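A.B. asks:
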Amino acid sequence: MLWQGKNAAMTLTSLLLLLWREAAPIEVPQDPKIQQDLKQPPTITKQSAKNYIVDPRDNIIIECEAKGNPVPMFSWRRNGKFFNIGKDPRVMMRKRSGTLEISFRSGGRPEDYEGEYQCFASNDFGVALSNKILLRVSKAPLWPKEVLEPVSVTEGSPLVLPCNPPPGLPPPFTFWMDSSMNPIPQDKRVSMGLNGDLYFSNVLAQDAHTDYSCKARFLFTHTIQEKNPYKLKVQTKEPYNDTSYNTSAPYGDRKVAESTPTFLSPSGSESSKMVLRDEELLLECIAAGLPTPTIKWFKKGGELPRQKVKFENFNKTLKIISVSEEDAGEYVCMANNHIGTIRHSIFVQVKAAPYWLDKASDLVLAPDENGRLVCRANGNPKPHIQWLVNGQPIESSPANPNRQVLEDTIIFRSVQIGSSAVYQCNASNEHGYLLANAFVNVLDMPPRMLGPKNKLIKVIENNRTFLDCPFFGSPLPELRWFKNGQGSGLDGGQYRVYINGTLEIKRARAEDEGTYTCVASSIMGTAENQVRLEVKEPTRIVRAPEHQSAVRGSTAHFNCKVKSDPSLPVSVSWMKDDKPLYMGWRLKKDDESLTIPNVNEGDEGTYTCTVKSEIDQDSASARLIVLEEVNPSVSSALPPDRPDPPMDLDLSDPAARSVRLTWIPGSDHRSPITEFLVQFEEDRWEPGRWQNLSSYPGDLNSVILQLAPFVNYQFRVIAINSVGQSDPSSSSPRYKTSGAAPDAIPRGLRGWGSRKDNMEITWEPLLDLERNGPNLHYIVSWRRKDSGEEWNNVTTVGAKHVVHNTETYVPYEIKIQARNEFGAGPESNVVIGYSGEDKPTDAPTELRVSKVDSTKANIHWTPVDLNSVQGEFREYRLYYWRESSQVPGLVVSKEKKTKGFYSTTVKAFGILSDLVPYSKYKMFMVVANNRFESPPSNTVAFTTTEGVPDAPRFFRINRRSLDTIHLEWDKPLEPNGILIGYQLIYQTVNGSKVSRPEMETFLPNVTKFILRLPDPSSRYKFFLSALTQVGMGEVYAEESPHFTNEAYIDQVDIATQGWFIGLMCAIALIILILLIVCFIKRSRGGKYPVRDKKELPLDPVDQKDQDGSFDYHSDEDNKPLQGSQTSLDGNVKESDDSLVDYGEGGDGQFNEDGSFIGQYTVKKDKDETEGNESSEATSPVNAIYSLA
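What follows is the structure in structure tokens.
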């Protein structure tokens, strides 16, 4: 019965909520006048943190700020009791504030003020509460004195060095160093646990070379406490030599017993962990064993949340940030080496302190209105909701018939003046609490106008228009509009009234001009305001500029005639190519046009006329094209030249970062000046070096220069026309700008690790002209990404900073800011950098191949956990090499090759190509980051199938006779299988004609072939390839002739050519003519005996005639020949090979090289020779030369 009654009550409550009509809460405008007059309960605006830890060396400040009207009064409770501030001389409350300041200058202990504080802010309309602030003083206790005996351990055994730091507030940050203040190197074998202890998975002999001291750093006091160092003695079964240590074999040749993994932390096979929602979950597994075990993490029944999970401390710590309920479950860490495997289960429970689903918010109501406050929270366990009013439990407050509490909701009905209050919603469970203040303000305020009175609005005819009338009142007034104080309210037709009071006129006309009155009325009264509306004619360009072409040197004219409302002043401006047009001394503008005299190439472009009034504008554009002169004048007959340099440079209008530079242009020398180049020189960073500052159009001679701070400038100007640049002008006076904070942000900011435990932050220094002042330095800031830590800062003048003692490959947020004596510049955007990388711990597993053919194979492997890469994942790198060939006797190179695969899928796959057929291969795989590679995977052997062979190593034509060609070749370098023979294809090639191919096949041991040619005059093309069972290999092509006696073949070839046949006929004709001449001479001049013993060689062409050697001798052949060859000693020597003159004798003539020319003449007396007109007898050789 009790349950049925309770259920019926809840059903009735729900029905009431459905039937009850709630008024929309009033939104109070932020108008200063309204806020000044508005009565309002207190609202807490600032307070200290719930868990407030203070530094004992500083004064204690507990913040509490609130707003309200009247101004709130403040009081405090300490440990639930009233805190009388006036009785304690050390405690002071700030004026117009509730913030407490506790000073210890005159003595006292901060610990005496520890406790729970709560602030109360009150005025006539209610009381607001702060959170309960738990104040505690930071503590940095000393380490207990203790004498630590040396720790003796057997080599290869595990070891734990306890830290047990003194309990501080907040807990200290622990780390390990040796007595020389060097950090203890940590790695997969040696690392610090979450509790601060130092764990050795197995001890090496060299671990005894140093001592081990735990340090505790207390953040608030910035002090470091030190534990007495541990001395370590490592017992070895065999002597240990320092110089023999090798990282790949840390125990050397000493026999150290290997062991299966065991857990050092946590103990047992399972444990549990509770974590709160939105906090950080840290799970740790540290294992002992030899070799050092590898740690892997799993989650039963699901996958690890990759977006939130991080592996730290060499995979021994699993961190999940911002834990949520779905992160609960069983987590398994597995430690394994090649001796064995061990597992540990950690059962994680996720609880939750209360968190808001619907936080209570302030509520402003008018009298007799309804409303409600809602306060919904969730947590684990589910939080309890408690309502308070003005700091007191609502159950103990005076009864209010207009208020009903329904668990997380308070319903207000027909509220009345005087029932304003501040309500507190407290949601709590065993893990924490939430406190929200929300006031209910019952407000009665007569209607008020918030906008300016009698506002004038000007609009363009036929445009849509809005007349604003902001107002406020409680209860919310009703607003109506009237025109010229007459008629009923304006709404409907072309008028529309919005809920905020704005009147819309859909299309303003001239008859809509007038005075509009808005009236706001409620039961509290009325208020009104007026808006005057004027409707204007639009501003229009009635004569727009037109496109035109102008000859260079002529005048261009653009029209821009405007029509506008007479009561609206207008302004006309011009632009060229969408940039403001500077008129200068040359261009002229009036109200209706633009004139450009002496047009030059720089004037070409698009000109835009824009006319503006205070409420509208119009624009029109036209293009100007500049043409060359049609009829050049006499003066222009002179060639153009470079302009003269500008003169009389002057500086004026000085400002912090600008100055006006004015000059007088020099002569343009018949080519208009198109551009002025302004250069500067400064005497601080690069004195004497002139640099370009800016360029300006050729029609300007006065410009404002934008300058950098802290620079001592001087300027010069260069004029430019179509011919070239002028000489620089004389320098201007110097102008020094004042210093300022840097404007620029250093560029190229990046963070990267050069070692596994550091991060180098580098950037590009500011340029000299970006310094803006002396003593430039950089403020570099960094912090761990997503850690919520405070920024670490360092100031440096260089361009690099190294952060030491970082974890391996963790992301950092980095920013930089330049600063000089005048202040700090802007901060850079935050960039993400990474600390250094370490060797990947896990190797790819289950490497295998499939679908192997002659040149490629499919590769499969199981990828590693990307967290084990300990750096940026670069690739899976496959090492493979050719172990041997299946071809008997073939020697191969075993050089290792690599191929990278970028795959992060669960079933990784890749294709290895460019393999040599018919070969045995081996391969293994590693995973690589930017610096290191992991241990290798399993090694896999596989064999490629037989393929087609390569081309023969060589193929040449050794020699060729008239009817045969000798061919020779060698086996391929890579047969790619078992050779079964060779195939030779050949065909004749004469020009573009190709005959039908012929084919020969040979056994694999045949490497020579003699081909008999059916047609000796033809050229041949050969195609040779080797064969395996798979097919024909690469073809080696050659073309004849390739031989030694090339001239012989040329004779055979050219004998069939037409030009050669014609030449032979001509030579035969010449010989016939010579014979005829000889016979004629013989019949006229007597006998020509022929000497049998001598043969005189004639032209080489006569060698073909075997008996064609002619010797001609006179009867006086016993006389010495006058022209015979002279010996080396200068004496005349009779030669058997000479010819004897006949008649009066003749000269034997020789070439310079001693060869006989073969010209014969009959030497006679001078007179006889001159008187004889008949031609003298000539030799046949002479006749040949005369014919030639």
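In my numbering, the protein residues as written are 18 to 1205. For each residue, glycine too, the CB sits at the ideal point set by N, CA and C. Here the structure is a predicted model, which means the values were calculated and not measured.
Could you give the first and the last residue of the continuous alpha helix (DSSP H) run that contains Ile-51?
C.D. replies: The residue given as residue 51 occupies position 34 in the sequence shown. Where Ile-51 is concerned, the enclosing alpha helix (DSSP H) stretches over 49 to 54.
A.B. asks: Using the Cα positions of Ile-737 and Asn-617, report the straight-line distance between them to the nearest angstrom.
C.D. replies: Along the sequence shown, read from residue 1 onward, the residue named residue 737 stands at position 720. Along the sequence shown, read from residue 1 onward, the residue named residue 617 stands at position 600. Near 13 Å, if we compare the C-alpha coordinates of Asn-617 and Ile-737.
A.B. asks: Based on the DSSP secondary-structure assignment, which residues constitute the bridge partners of Ala-736?
C.D. replies: Here residue 736 corresponds to residue number 719 of the sequence shown, with the count starting at 1. According to DSSP, which records beta bridges pairwise, Ala-736 is partnered with Phe-693.
A.B. asks: Looking at the secondary structure, which residues open and close the beta strand (DSSP E) in which Met-466 lies?
C.D. replies: For the purposes of this step, residue 466 is taken as residue 449 along the sequence shown, with counting starting at 1. Its beta strand (DSSP E) spans residues 462 to 466.
A.B. asks: Curious, which full-length beta strand (DSSP E) runs of at least 3 residues does the region 96 to 132 contain?
C.D. replies: Segments of the beta strand (DSSP E) lying fully in the region 96 to 132: 108 to 110 and 117 to 119.
A.B. asks: I think Thr-534 touches Phe-499, with their Cβ atoms under 8 Å apart; what is that distance to the nearest whole Å?
C.D. replies: Looking up residue 534 in the sequence shown gives position 517. Looking up residue 499 in the sequence shown gives position 482. About 5 Å separates the two Cβ atoms, so the contact holds.
A.B. asks: Would you mind listing the beta strand (DSSP E) stretches within the region 133 to 158 that are 3+ residues and don't spill past its ends, in chain order?
C.D. replies: Qualifying beta strand (DSSP E) stretches, in chain order: 143 to 146 and 150 to 154.
A.B. asks: Could you say which of Asp-105, Ser-92 and Lys-104 lies nearest to Gly-115 if we only look at CA atoms?
C.D. replies: If you number the sequence shown from 1, residue 115 lands on position 98. Of Asp-105, Ser-92 and Lys-104, the residue nearest in Cα terms is Ser-92.
A.B. asks: Is the separation between the beta-carbon of Pro-660 and that of Trp-680 shorter than 8 Å?
C.D. replies: Walking along the sequence shown from the start, residue 660 turns up at place 643. Walking along the sequence shown from the start, residue 680 turns up at place 663. In this structure, Trp-680 does not lie closer than 8 Å to Pro-660 by Cβ.
A.B. asks: What separation, rounded to the nearest whole angstrom, lies between the Cα atoms of Lys-911 and Trp-808?
C.D. replies: As a first step, residue 911 must be located in the sequence shown, where it is residue number 894. As a first step, residue 808 must be located in the sequence shown, where it is residue number 791. Looking at the two C-alpha atoms, the distance is approximately 54 Å.
A.B. asks: Along the chain, where does the beta strand (DSSP E) containing Gly-917 start, and where does it finish?
C.D. replies: Here residue 917 refers to the residue found at position 900 when the sequence shown is read from its first residue. That run of the beta strand (DSSP E) goes 914 to 918.
A.B. asks: Using only the alpha-carbon positions, how far apart do His-877 and Lys-67 sit?
C.D. replies: Walking along the sequence shown from the start, residue 877 turns up at place 860. Walking along the sequence shown from the start, residue 67 turns up at place 50. So the alpha carbons of these two residues sit roughly 56 Å apart.
A.B. asks: What did DSSP end up calling Ala-222 once you bin it into helix, strand or coil?
C.D. replies: Sequence index remark: in the sequence shown, residue 222 carries index 205 (1-based). Three-state DSSP puts Ala-222 in a helix.
A.B. asks: Are three or more beta carbon pairs between the region 138 to 158 and the region 275 to 293 nearer than 8 Å?
C.D. replies: Taking 8 Å as the limit for Cβ pairs, the verdict is that the region 275 to 293 does not touch the region 138 to 158.
A.B. asks: Write down the C-beta distance between Ser-437 and Pro-188 rounded to the nearest angstrom, noting that I regard them as a contact closer than 8 Å.
C.D. replies: Residue numbering aside, residue 437 sits at position 420 when the sequence shown is read from its first letter. Residue numbering aside, residue 188 sits at position 171 when the sequence shown is read from its first letter. In fact, because the Cβ distance is near 46 Å, the residues do not count as touching under 8 Å.
A.B. asks: Distance, Cα to Cα, Thr-754 vs Leu-784?
C.D. replies: Sequence index remark: in the sequence shown, residue 754 carries index 737 (1-based). Sequence index remark: in the sequence shown, residue 784 carries index 767 (1-based). Approximately 17 Å between the Cα atoms of the pair.
A.B. asks: Assign His-239 to one of two classes, buried (16 or more other C-beta atoms within 10 Å of its C-beta) or exposed (fewer than that).
C.D. replies: Position 222 of the sequence shown, counting from 1, holds the residue named residue 239. Exposed, since its Cβ has fewer than 16 Cβ neighbours within 10 Å.
A.B. asks: What does DSSP give as the partner residues of Glu-698 in its beta bridges?
C.D. replies: As a position in the sequence shown, residue 698 is number 681, starting the count at 1. Bridge partners of Glu-698: Gln-731.
A.B. asks: Report yes or no: do three or more beta-carbon pairs, one from the region 343 to 361 and one from the region 298 to 318, lie closer than 8 Å?
C.D. replies: Flag = yes, the region 343 to 361 and the region 298 to 318 touch.
A.B. asks: According to DSSP, is Ser-746 part of a helix, a strand, or is it coil?
C.D. replies: If you number the sequence shown from 1, residue 746 lands on position 729. Three-state DSSP puts Ser-746 in coil, outside helix and strand.
A.B. asks: Give me the Cα-Cα distance between Lys-1232 and Phe-926, rounded to the nearest whole angstrom.
C.D. replies: This structure gives no information on residue 1232, because the portion of the chain shown stretches from 18 to 1205.
A.B. asks: Would you mind reading off the limits of the beta strand (DSSP E) that contains Phe-1039?
C.D. replies: By 1-based counting over the sequence shown, the position of residue 1039 is 1022. 1036 to 1044 is the span of the beta strand (DSSP E), which, as asked, contains Phe-1039.
A.B. asks: Quick check: what's the CA-CA separation for Pro-1106 versus Ile-1093?
C.D. replies: Against the sequence shown, residue 1106 aligns to sequence position 1089. Against the sequence shown, residue 1093 aligns to sequence position 1076. Here Pro-1106 scores only 44 on pLDDT, less than 50, and its place in the model is too uncertain to base an answer on.
A.B. asks: Per DSSP, what kind of secondary structure is Gly-542 in: helix, strand or coil?
C.D. replies: The residue you call residue 542 lines up with position 525 of the sequence shown. Strand.
A.B. asks: Sort out for me which residues DSSP pairs Gly-531 with in a bridge.
C.D. replies: Here the question's residue 531 lines up with position 514 in the sequence shown. DSSP, once it has assigned bridges, lists Leu-550 as partnering Gly-531.
A.B. asks: Quick one: Cα of Gly-805 to Cα of Leu-151, how far?
C.D. replies: By one-based count along the sequence shown, residue 805 stands at place 788. By one-based count along the sequence shown, residue 151 stands at place 134. One C-alpha to the other measures close to 22 Å.
A.B. asks: Within 10 Å of its beta-carbon, does Tyr-935 have 16 or more other beta-carbons around it, so buried, or fewer, so exposed?
C.D. replies: Locating residue 935 in the sequence shown gives position 918, counting from the first residue. Answer is buried; the Cβ neighbour count reaches 16.
A.B. asks: Which word fits Cys-1082, buried or exposed, when buried means at least 16 other C-beta atoms lie within 10 angstroms of its C-beta?
C.D. replies: Taking the first residue of the sequence shown as position 1, residue 1082 is located at position 1065. Exposed.
A.B. asks: Please tell me whether Gly-306 and Asn-245 are closer than 8 Å, where the distance is taken between their beta carbons.
C.D. replies: The residue labelled residue 306 in the question sits at position 289 within the sequence shown. The residue labelled residue 245 in the question sits at position 228 within the sequence shown. It is not a contact, given that the beta carbons lie outside the stated cut-off.
A.B. asks: Rounded to whole angstroms, how far is the Cβ of Ala-444 from the Cβ of Ile-402, which I believe are closer than 8 Å?
C.D. replies: In the sequence shown, the residue the question calls residue 444 occupies position 427. In the sequence shown, the residue the question calls residue 402 occupies position 385. Yes, they are in contact, since the Cβ atoms of Ala-444 and Ile-402 sit about 6 Å apart, within 8 Å.
A.B. asks: Should Ile-70 be counted as a contact of the ligand PLP given a C-beta to heavy atom distance under 7 Å?
C.D. replies: As presented, the structure is devoid of all ligands, the ligand PLP included, so that no description of it is given.
A.B. asks: Mind the definition here: the region 829 to 846 touches the region 763 to 780 only if three or more C-beta pairs lie below 8 Å; say whether that holds.
C.D. replies: They touch, by the three-pair rule.
A.B. asks: Between the Cα of Asn-1007 and those of Lys-523, Glu-838 and Tyr-1037, spot the shortest distance and give me the residue it belongs to.
C.D. replies: Here residue 1007 is taken as the residue at index 990 of the sequence shown, counted from 1. The candidate whose alpha carbon is nearest that of Asn-1007 is Tyr-1037.
A.B. asks: For Leu-724 and Phe-331, what's the separation of their Cα atoms in angstroms?
C.D. replies: Walking along the sequence shown from the start, residue 724 turns up at place 707. Walking along the sequence shown from the start, residue 331 turns up at place 314. Going from the Cα of Leu-724 to the Cα of Phe-331 covers about 54 Å.
A.B. asks: Return the residue from the list Phe-217, Leu-249, Thr-227 and Pro-182 that minimises the CA-CA distance to Phe-235.
C.D. replies: Within the sequence shown, numbered from 1, the residue matching residue 235 stands at position 218. Of the candidates Phe-217, Leu-249, Thr-227 and Pro-182, the one whose C-alpha sits nearest the C-alpha of Phe-235 is Pro-182.
A.B. asks: Between Arg-271 and Asp-195, what straight-line distance do the alpha-carbon atoms span, to the nearest angstrom?
C.D. replies: In the sequence shown, the residue the question calls residue 271 occupies position 254. In the sequence shown, the residue the question calls residue 195 occupies position 178. The straight-line gap from Cα to Cα measures roughly 27 Å.
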